[in-house]
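Participant: In this text, residue positions in the sequence shown follow the UniProt record's numbering: the first is 1, and each later residue adds one. Positions of the beta carbon are idealized from the N, C-alpha and C atoms, including for glycine. Computed from a prediction, not measured in an experiment: that's the story for all the values here. The structure's right below; bear with me while I get my questions together.
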Amino acid sequence: MTKRAVIVGVNDYSVQNNGWHSLRFCVSDASSFYYLLQDAFLFDPQDMFYLVDANATSSRIRRTLRYVLAISQPGDVVCFYYSGHGGRTPHPSNPSQMYETIIPYSGQFISDHEIFAAADSLQPSFVNFTIVLDSCHSGGMHNESEHARRRRSPIFSPELISQLAQCTTLFPCGICLPPQRRPVLANNITRVSARNSGVAVEEDTSRRLVKESKSTLIAASTAAETAQEHEAVGHGLLTKAFLDLVNASNFQIDHRSLVDELTTRVRTSMDKYFPGETQSPQLRGQENRMEESFLQGWRDSR
């Protein structure tokens with residue numbers, strides 16, 4: 001069994017040229033997660049790809065992910081970790097659908113469509129493809145006078161908000177659904193509305209786990225929340241929770257228990273640094289693998 005990883009962190013968003021604020025702790029997140037995988041989960045550095053800021057272009061991220069997935073064999077593990085801004089974009093030909101995206105240093109935003117394309121030949125029952133996203137996708141106004149805190153989603157334009165407000169279906173970034181299976185998520189959001197230069201939605205939580213997904217996805221927040229970072233923490237709250245949890249124990253845990261533990265730690269940080277706000281880590285993806293251990297090779301080919 002070989003464990004491989006693609007680790008991405010973006011602080012610098014000046015090249016995207018949309019007037020977005022840069023972030024402060026995403027590169028630190030990526031560095032810490034790199035060593036977490038190496039030290040706690042026994043990833044070999046020669047099988048790990050570390051892309052931050054100017055190296056984290058859209059083409060390089062997609063190319064590296066395609067390569068890592070293409071060479072994976074049954075029983076292998078692939079981890080894709082991303083820390084940075086997330087966003088949303090409407091489907092180019094179907095105004096009722098929106099895609100969550102991750103936003104690289106430069107180039108095209110990356111949606112579930114691109115991640116699935118990289119994983120198209122992957123046998124989900126043979127390779128453990130795990131995605132961790134410390135980002136959010138709901139947009140929202142940022143008070144730049146609050147130097148200590150940053151939200152990990154940019155302000156949406158009025159035009160984008162108007163488009164997204166017509167959507168009824170949301171495709172989470174990283175759920176890795178084949179095109180023919182995407183109808184299982186049809187009409188999975190309601191109460192779509194503009195909110196503070198962003199878009200708020202309510203999601204049907206019964207469809208977060210889908211058997212046909214090619215990945216297991218751990219996301220920093222719900223579709224209606226923002227993912228936070230704070231200078232007192234020195235990391236995004238999801239990443240900090242990961243670091244503290246793994247360092248506190250001889251770590252082996254199934255996916256459901258992992259997200260429960262992460263949620264408890266993130267909520268404690270939210271109560272301390274962002275009272276009155278919520279951030280709730282989410283578990284999505286392969287329904288039939290939730291009892292498996294995090295970042296362990298599959299024991300069978302169900």
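Could you tell me if Thr264 is buried or exposed, where buried requires 16 or more neighbouring beta carbons within 10 angstroms of its beta carbon?
Facilitator: Burial call: exposed.
Participant: Where do the N-terminal and C-terminal ends of the beta strand (DSSP E) with Lys3 fall, by residue?
Facilitator: First-last of the beta strand (DSSP E) with Lys3: 3–9.
Participant: Tell me where the beta strand (DSSP E) around Phe33 begins and ends.
Facilitator: Not the beta strand (DSSP E): Phe33 falls in the alpha helix (DSSP H), residues 26–40.
Participant: Just list the beta strand (DSSP E) runs in the region 46–70, keeping only unbroken ones of 3 residues or longer that don't cross its boundaries, in chain order.
Facilitator: Fully enclosed beta strand (DSSP E) runs of 3 or longer: 48–52.
Participant: With DSSP as the reference, identify every bridge partner of Pro92, one or two as the case may be.
Facilitator: DSSP output for Pro92 lists no bridge partner at all.
Participant: Residues bridged to Ala200 by DSSP?
Facilitator: Ala200 is bridged to Ser193.
Participant: Go to Thr264, then tell me how far its alpha helix (DSSP H) extends in each direction, as first and last residue.
Facilitator: Note, Thr264: alpha helix (DSSP H), 255–273.
Participant: Would you list, in sequence order, the uninterrupted beta strand (DSSP E) runs of no fewer than 3 residues that lie entirely inside the region 146–181?
Facilitator: With a minimum length of 3 residues, the continuous beta strand (DSSP E) runs that stay inside the region 146–181 are 149–151, 169–171.
Participant: Using three-state DSSP, classify Glu287 as helix, strand or coil.
Facilitator: If DSSP states are grouped into helix, strand and coil, Glu287 belongs with the helices.
Participant: Determine the extent of the beta strand (DSSP E) in which Val77 is found, giving its start and end residues.
Facilitator: Run containing Val77: 77–83, per the beta strand (DSSP E) assignment.
Participant: Put Val132 into one of helix, strand or coil per three-state DSSP.
Facilitator: Looking at Val132 - three-state DSSP - the assignment turns out to be strand.
Participant: Quick test of your reading: residue 304 and Gly86, contact by CB under 8 Å. State the CB separation rounded to the nearest angstrom.
Facilitator: For the chain, the structure presents residues 1 to 302; residue 304 sits outside this window and is missing.
Participant: So which of Arg66, Ile7, Leu65, Tyr67 has the shortest CA-CA distance to Phe43?
Facilitator: With distances taken between Cα atoms, Phe43 lies closest to Ile7.
Participant: Can you tell me whether DSSP reads Thr222 as helix, strand or coil?
Facilitator: Coil, per DSSP.
Participant: Please report the distance separating the alpha-carbon of Lys3 from that of Thr57.
Facilitator: Answer to the nearest angstrom: the Cα atoms are 23 Å apart.
Participant: Following the continuous beta strand (DSSP E) through Ile115, name the residue where it begins and the one where it ends.
Facilitator: Careful: Ile115 lies outside any beta strand (DSSP E), inside the alpha helix (DSSP H) at 112–118.
Participant: Just checking my contact of Leu69 with Val77 at CB under 8 Å: how many whole Å lie between their CB atoms?
Facilitator: Actually they do not touch by this definition, with Cβ atoms about 11 Å apart.
Participant: I think Ser206 touches Gly285, with their Cβ atoms under 8 Å apart; what is that distance to the nearest whole Å?
Facilitator: Actually they do not touch by this definition, with Cβ atoms about 14 Å apart.
Participant: Compare the Cα-Cα distances from Ile175 to each of Glu202, Gln163, Thr101 and report the closest residue.
Facilitator: The shortest Cα separation from Ile175 among Glu202, Gln163, Thr101 belongs to Thr101.
Participant: With a cut-off of 8 Å on the beta carbons, I'd call Ser106 and Val15 a contact; round off their distance for me.
Facilitator: About 4 Å separates the two Cβ atoms, so the contact holds.
Participant: Taking contact to mean at least 3 C-beta pairs separated by less than 8 Å, is the region 212–227 in contact with the region 274–292?
Facilitator: Flag = yes, the region 212–227 and the region 274–292 touch.
Participant: So if DSSP puts residue 304 in a beta bridge, which residue, or which two residues, is it bridged to?
Facilitator: In the structure displayed, the chain extends from 1 to 302; residue 304 sits before or after that span and is not available.
Participant: Would you identify the three-state DSSP class for Val210, choosing helix, strand or coil?
Facilitator: Strand, per DSSP.
Participant: Candidates Tyr34, Ala40, Ser221: which alpha carbon is nearest Arg48's?
Facilitator: The residue asked about is misnamed: residue 48 is Met in this sequence, not Arg. Checked all of Tyr34, Ala40, Ser221; the closest Cα to Met48 is Tyr34.
Participant: How many whole angstroms separate the CB atoms of Gly84 and Val10, which I take to be in contact at a CB cut-off of 8 Å?
Facilitator: Right, the Cβ-Cβ distance comes to about 4 Å (below 8 Å), so this counts as a contact.
Participant: Per DSSP, which residues does Leu217 bridge with? Please list them.
Facilitator: Note: Leu217 sits in a beta bridge opposite Ile131, Arg284.
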